[in-house]
Structure formats: structure tokens, C-alpha cells
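Student: For our numbering, count along the sequence shown from 1 and bump the result up by 252.
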Amino acid sequence: MNKTNASVTSPKGHIYIGLPTVDAHIYPRGGLDILSREEVARLRDASTGMSDLLRRCALAVLTSGSHSDDPRAAQELYPHFDIHVLQQDRGIRIELANAPAMAFVDGVIIRGVAELLFAVVRDLAYTAIELAPEFAADLETSAGVTDAVFRLLRNARLLQPAEPNLVVCWGGHSINRDEYEYTKHVGYQLGLRGLDICTGCGPGAMKGPMKGANIAHAKQRRRHTRYIGITEPGIIAAESPNPIVNHLVIMPDIEKRLEAFVRMGHGIIVFPGGVGTAEEILYLLGLLLREENAQLPFPLVFTGPTASAPYFEQIDQFIRLTLGEAAASRYEIIIDDPDQVARQMVAGIKKVRDYRIAHKDSFYFNWALDIPFDFQQPFVPTHEAMATLDLHQGRKAHALAADLRRAFSGIVAGNVKEEGLRRVEQFGPYRIHGNPAMMQALDALLRAFVKQRRMKIAGEYRPCYEIVA
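(1) Output the distance between the C-alpha atoms of F660 and A559, rounded to the nearest integer angstrom.
(2) Determine whether the beta carbon atoms of A489 and E328 lie at a separation below 8 Å.
(3) Return the chain-ordered list of same chain residues with a C-beta closer than 8 Å to the C-beta of C250, the five sequence neighbours on each side being excluded.
(4) Indicate the three-state DSSP secondary structure (helix, strand or coil) for Q629 in the structure shown.
(5) Assuming contact is defined by CB atoms lying nearer than 8 Å, are Q628 and E511 in contact in what I supplied?
(6) If you run the structure through DSSP and keep just helix, strand and coil, what is F333?
(7) Do F554 and L540 have their C-beta atoms closer together than 8 Å?
(8) Identify, in the order they occur along the chain, each residue of the same chain with its Cβ nearer than 7 Å to the Cβ of G662, setting aside the five sequence neighbours on each side.
(9) Compare the Cα-Cα distances from P624 to each of E543, Q566, E415 and T574 and report the closest residue.
(10) Answer with buried or exposed for Q441, where buried requires no fewer than 16 other C-beta atoms within 10 angstroms of its C-beta.
(11) At the level of alpha carbons, what is the spacing between Y717 and L311?
(12) So which of L338, W619 and L652 has the shortest CA-CA distance to T398?
(13) With DSSP as the reference, please indicate the residues paired to C309 in a beta bridge.
(14) Under DSSP, the beta strand (DSSP E) around E718 begins and ends at which residues?
(15) When you compare each of Y378, R296 and R374 to Q339 by their alpha carbons, which one comes out closest?
(16) Identify every run of the alpha helix (DSSP H) within the region 617-703, keeping only runs that are complete inside it and at least 4 residues long; order them along the chain.
(17) Quick one: Cα of R474 to Cα of G446, how far?
(18) Put A351 into one of helix, strand or coil per three-state DSSP.
(19) What do you reckon, are the CB atoms on I482 and F523 nearer than 8 Å?
(20) Compute the distance between the beta-carbons of R657 and Y535, then report whether it is under 8 Å.
(21) Could you check what DSSP says for L368 in three-state terms: helix, strand or coil?
(22) What's the C-alpha gap between Y378 and H518?
(23) I need the straight-line Cα distance from W249 to T273, nearest angstrom please.
(24) Pop quiz: M690 and T574 are said to be a contact at Cβ under 8 Å. What is the actual Cβ separation, rounded to whole angstroms?
(25) Compute the Euclidean distance between the alpha carbons of H425 and K508, then round it to the nearest angstrom.
(26) Short of 6 Å in beta carbon distance, which residues of its chain neighbour F564, apart from the five on each side in sequence? Order them along the chain.
(27) How about N494 and S303: do their beta carbons lie closer than 8 Å?
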């Protein structure tokens with residue numbers, strides 16, 4: 253774990269909208285503590301050029317543990333918050349103005365919050381420097397994008413040459429209490445078996461497995477544990493990192509975030525969720541259905557408590573209707589059995605280990621997984637782009653999965669991303685066209701998500717989409 257040292261100068265009790273705030277400056281350690289003058293200058297310049305993005309992401313981690321999934325809520329609560337990255341001969345200094353007091357204890361920033369804040373500066377500045385427009389040509393090939401993902405993860409110190417033990421857990425931020433408790437039980441069983449957890453870093457099904465594993469790791473006296481959160485700028489404001497995350501990385505866009513999950517993870521568990529979870533499932537199945545990945549072991553388990561069985565039945569039916577039986581053969585559904593889920597994952601990861609040894613692939617980054625450039629190109633969910641998605645039968649399954657993934661990605665944007673919210677407010681709901689049978693199944697799935705309150709944590713959900721057969 254990176255060490256941090258945070259000190260507060262001239263703490264003030266400002267009050268805005270009834271909420272206390274603090275002025276502070278902090279000095280990063282670990283990855284940002286030993287820098288040349290040129291490196292510090294580049295970090296400062298990069299942060300200056302993306303001040304609004306830096307401010308939004310920093311505010312998200314300073315309000316870690318928030319129960320809101322409205323990306324604009326924190327900005328409205330703390331309208332005078334600001335952050336600056338300043339240059340000093342001994343490194344950089346981060347200055348906070350009118351920061352949420354909830355991130356501080358007795359005038360000192362909480363250590364875990366400080367670490368997440370340093371990760372925000374590190375990743376956004378690295379992206380601005382290393383993936384700047386002048387290097388756009390490097391991202392015009394599949395190998396170039398994968399190399400960029402690798403470098404971002406390496407810069408965040410997430411790639412460790414150790415035995416395979418990283419389980420990626422996908423699931424919704426808006427789940428009910430029984431489902432949340434179940435994710436903790438599964439995380440606990442994984443932790444007892446020495447497995448680490450990687451999630452999207454937010455609340456709900458992203459927090460539960462980490463919390464369960466944390467208790468199990470304490471029982472097993474494991475000192476070096478990893479609770480990795482992988483997010484991106486459009487999501488972090490709506491799904492602020494939960495307090496258990498001890499390694500955070502902010503990828504530039506959703507496509508690189510998804511690639512980071514499947515390149516780093518040794519197995520994936522899917523808990524109940526909404527459109528974001530469906531997007532993740534379709535992305536992975538689209539890859540596993542490619543002939544190039546047919547022989548690649550990749551344990552994939554769908555699981556939840558007994559009451560969630562109908563949810564997975566509907567997901568399973570949708571996958572079989574759209575992508576076929578070959579897609580369904582790539583996952584196993586286990587209901588209400590955390591022990592079996594953990595045992596299944598351990599057995600699957602052993603196969604992954606044996607395969608990578610046999611094929612001389614690394615344990616810490618799945619180079620052998622073939623990800624075509626079409627899966628890596630950022631999808632901007634404009635109304636035109638959503639309306640022209642090719643959602644018809646007769647296409648190759650992996651190609652159809654890619655467009656279905658984009659449809660769900662657009663709905664995610666319309667639900668929780670600030671830019672997507674603005675588009676829907678300005679132009680109305682997205683219109684999604686396709687094969688009548690497929691659209692009927694998609695509409696039924698989305699209606700179920702709404703009825704089960706999987707679209708939004710609080711408030712009445714207003715659909716950002718319209719299904720057109």
C-alpha cells in the first residue's frame with residue numbers, strides 16, 4: 253500500500269448549503285513523491301488543462317461513501333470546492349479549497365481518502381501526458397490500445413508478478429439488502445481462500461465482496477491484500493469509491509476500463525445488477541465467442557441469493573435469444589451457495605494458471621486474450637449513434653454482442669453520466685431500433701430492471717430510452 257502524509261493548513265469552518273468544508277494542502281507519497289522538476293512541471297501543466305475534470309473526480313473521492321448516484325449532486329452540495337496541483341522543488345503539493353469536511357478527522361485528511369485523491373491526480377495527469385492528441389496514432393491499432401491499457405495499469409502499480417488470485421466482481425450499485433448481504437458472503441468465502449477482489453469501486457455489489465473479503469483476509473492474517481477499484485471519469489462522480497478500495501485506477505473511457513477488467517482478472521463473478529452489469533456481461537461474452545478465444549479458460553459465474561433466481565433466468569434467456577447457446581455455455585449460474593461459488597472460482601483460476609504456464613503468458617496481464625479494435629474504440633452515445641446500432645439476428649454473435657453492449661452503455665450514460673444526462677434532457681430519450689423479437693426481449697429486460705429499482709438508487713426513475721421494434 254502506498255504511504256501518504258497529509259497535513260492541513262489554516263483549517264476553516266466554511267459553511268455552504270449547511271455543509272462544513274475545510275481548506276487544506278497535502279503532500280503525496282508513493283508514486284508521486286520522488287519526481288524530477290520536469291515531471292512535476294508536466295503534472296502541474298496537465299492538471300491545469302483539465303481543471304474541471306480533476307475537480308469532479310477529486311470531489312467524488314472526497315465524498316467517498318456517498319449514497320447518491322446523481323453525478324451532479326456533489327457539485328451542487330459543494331459548489332465552491334476547488335483543487336490545485338502546485339509545483340515545489342521537493343515535489344508537488346495538492347491544495348484543496350472548501351473540501352468536504354467528511355474527508356477529514358480532527359483537521360487531518362483520512363489516509364484512505366488521501367490515497368484515492370493521489371490516484372486521481374496520478375491517473376488523470378498520466379492520461380493527459382501519455383495519451384495526449386500528439387500520440388493519437390498510437391491508439392489506432394488494437395495492439396496500441398492494449399499497450400496503453402497496460403501502461404496505465406503499470407503506472408498505477410496494479411500489475412504484480414504473483415500467483416493468479418484476482419477475482420473481478422461485477423454487479424449493480426443499486427441492489428437490495430439481501431443481495432448486498434449475499435455479495436458479502438461470497439466475498440468472505442473468496443477471501444478465506446486467499447483471493448483478492450477487483451470491482452468497479454462503487455457501492456452495492458462493488459462494495460459487498462470487498463467487505464466480506466476484508467474480514468476473511470483478517471481472519472487468515474493476510475497482510476498484503478488488494479481491493480482494486482477500476483473506474484472512469486464519467487462513472488466516478490455517480491459511483492464514488494467505497495472506503496475499502498485500496499488501489500484505485502481511473503481509465504480514460506469505458507472501453508479501456510472494460511479491457512482492464514478482463515486483462516487483469518483471473519475469473520469473473522457477476523452479481524445482480526442493472527444496465528451497467530448487462531453491458532459488462534455482453535462485452536465479455538462478445539470476446540469469449542470469438543474463435544481466437546475459444547480455448548481460453550476464463551471462469552465466469554453468475555450468482556445471487558434465492559430471490560434473485562428470476563433475475564438470472566431472465567438474463568440467461570436474453571443471452572440465449574440474442575447470442576445463442578454457445579454464449580450460455582461460457583458461464584455457470586449458481587444460486588444461493590457462496591461456498592460453491594468460491595470453490596468453482598478457485599478451480600477455474602487453477603486452469604487459468606496452468607494454461608498461462610503452458611502458453612508462457614504472464615499471470616498479471618492476460619496478453620493471450622484477443623480483443624479486436626472494434627471492441628476498443630470509444631462509443632459516444634449520441635442519439636444518432638444509438639439509433640443506428642445494428643441489433644438484428646443473422647449477424648455473427650460476437651459482432652451482435654458488441655452492438656448490444658453499446659446499447660446498454662448508452663443507457664448507462666443516460667442514467668448516471670453527466671454528459672448523457674444533458675443529452676437526454678436536451679433531445680429526449682434515446683431511440684433504440686432492432687429486430688422485433690430482440691427488441692421485445694430487451695424491453696422486457698429493461699422493464700424488469702426498472703421494476704426492481706436497479707436503474708437508480710433514489711428517486712423515481714425516468715427512462716432515458718425508448719425501444720422501437
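Beta carbons are placed, not taken as given, at the ideal position from N, Cα and C, and that holds for glycine.
Tutor: So, from the listed chains and residues:
(1) The residue given as residue 660 occupies position 408 in the sequence shown. The residue given as residue 559 occupies position 307 in the sequence shown. Spanning the two alpha carbons is a distance of roughly 24 Å.
(2) By 1-based counting over the sequence shown, the position of residue 489 is 237. By 1-based counting over the sequence shown, the position of residue 328 is 76. Against a cut-off of 8 Å, the Cβ pair of E328 and A489 comes out as no contact.
(3) The question about residue 250 has no answer, for the chain in this structure spans 253 to 721.
(4) Here residue 629 refers to the residue found at position 377 when the sequence shown is read from its first residue. Residue state, collapsed to three classes: coil.
(5) Your numbering for residue 628 matches position 376 in the sequence shown. Your numbering for residue 511 matches position 259 in the sequence shown. Yes; because the gap between Cβ atoms is below 8 Å, this pair is in contact.
(6) Along the sequence shown, read from residue 1 onward, the residue named residue 333 stands at position 81. Here F333 sits in coil by DSSP.
(7) For the purposes of this step, residue 554 is taken as residue 302 along the sequence shown, with counting starting at 1. For the purposes of this step, residue 540 is taken as residue 288 along the sequence shown, with counting starting at 1. Cβ distance not < 8 Å, so F554 and L540 don't count as in contact.
(8) Numbered from its first residue, the sequence shown carries residue 662 at position 410. The residues are P633, M638 and Y682.
(9) Within the sequence shown, residue 624 is the residue found at index 372, counting from 1. Selected option, being the one with the closest Cα: E543.
(10) Reading the sequence shown from its first residue, position 189 is the one you call residue 441. Buried, since its Cβ has 16 or more Cβ neighbours within 10 Å.
(11) Here residue 717 refers to the residue found at position 465 when the sequence shown is read from its first residue. Here residue 311 refers to the residue found at position 59 when the sequence shown is read from its first residue. C-alpha separation (whole angstroms): 29 Å.
(12) For this step, residue 398 is matched to residue 146 along the sequence shown. For T398, the nearest C-alpha among the options comes from W619.
(13) As a position in the sequence shown, residue 309 is number 57, starting the count at 1. In DSSP, C309 forms no bridge with anything.
(14) As a position in the sequence shown, residue 718 is number 466, starting the count at 1. First-last of the beta strand (DSSP E) with E718: Y717 to V720.
(15) Translated into positions along the sequence shown, residue 339 becomes position 87. That would be R296, whose Cα lies nearest to the Cα of Q339.
(16) 625-628, 635-639, 649-668, 670-679 and 688-703
(17) Along the sequence shown, one-based indexing puts residue 474 at 222. Along the sequence shown, one-based indexing puts residue 446 at 194. Taking the straight line joining both Cα atoms gives about 8 Å.
(18) Reading the sequence shown from its first residue, position 99 is the one you call residue 351. Correct three-state label for A351: strand.
(19) If you number the sequence shown from 1, residue 482 lands on position 230. If you number the sequence shown from 1, residue 523 lands on position 271. Not in contact: I482 and F523 (Cβ atoms no closer than 8 Å).
(20) Your numbering for residue 657 matches position 405 in the sequence shown. Your numbering for residue 535 matches position 283 in the sequence shown. Contact: yes.
(21) Here the question's residue 368 lines up with position 116 in the sequence shown. Here L368 sits in helix by DSSP.
(22) Here residue 378 refers to the residue found at position 126 when the sequence shown is read from its first residue. Here residue 518 refers to the residue found at position 266 when the sequence shown is read from its first residue. C-alpha separation (whole angstroms): 26 Å.
(23) The structure shown has nothing for residue 249, since the chain only spans 253 to 721.
(24) Within the sequence shown, the letter at position 438 stands for residue 690. Within the sequence shown, the letter at position 322 stands for residue 574. With a Cβ gap of about 6 Å, M690 and T574 count as contacting.
(25) Looking up residue 425 in the sequence shown gives position 173. Looking up residue 508 in the sequence shown gives position 256. About 20 Å.
(26) Residue 564 sits at position 312 when you count from the first residue of the sequence shown. Same-chain partners within the cutoff: F554 and I585.
(27) The residue labelled residue 494 in the question sits at position 242 within the sequence shown. The residue labelled residue 303 in the question sits at position 51 within the sequence shown. Not a contact, by the Cβ cut-off of 8 Å.
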